[in-house]
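J.: Quick one: the structure is below, and I'll ask about it shortly.
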Amino acid sequence: MNWNITVGRPVYVQLVEQLELALVAGEFPPGSRIPPVRELAADAGVNPNTMQRALQELESRGLLQAQRTAGRTVTADDAALHALRRRRAQTLAGEFLHQMHALSLTETEIETLLRETAQQQTEE
């Protein structure tokens, strides 16, 4: 997993966001075991307590489950993961539209921009 921790925002919040992205992207499939706290913390270059806090937050959201002898596993609830994916996509779309409107682009210009960008990315 590629971690991207920046200055200016709480580290555990960034960890939660990046772990959520890994969950919805299938990096940790439903029902699978995730690496131990210390391993994840070392990989991300953060304190294990900070990683523990992020994982506990994901547990409270129902995305991870703690197993006494097996560590933590990703929820097997596909609906919860799908809902998370949808929320993340809506947030990104809202931020994008806000920025495009700040540039005074019309809906038609935004749609054209998206089509052209998607076409360029498929050609790459």
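Under the numbering used here, the first residue of the sequence shown carries the number 311, and numbering increases by one thereafter.
A virtual CB, placed ideally from N, CA and C, is assigned to each residue, including glycine.
1) Below 8 Å, can you find three or more Cβ-Cβ pairs linking the region 338 to 349 to the region 373 to 391?
2) Output the residue ranges of the beta strand (DSSP E) runs that lie fully inside the region 353 to 387 and measure 3 residues or longer, sorted by chain position.
3) Could you give the distance in angstroms between the alpha-carbon of Glu-369 and the alpha-carbon of Ala-403?
4) Is there contact between the region 389 to 402 and the region 348 to 358, where contact requires at least three CB pairs shorter than 8 Å?
5) Can you find the residues in the same chain that come closer than 7 Å, C-beta to C-beta, to Ala-364, ignoring five residues on each side of it along the sequence?
6) How is Arg-397 classed by DSSP in three states: helix, strand or coil?
T.: Quick answer:
1) yes
2) 374 to 377 and 381 to 384
3) 26 Å
4) no
5) Tyr-322, Leu-325, Val-326 and Leu-329
6) helix
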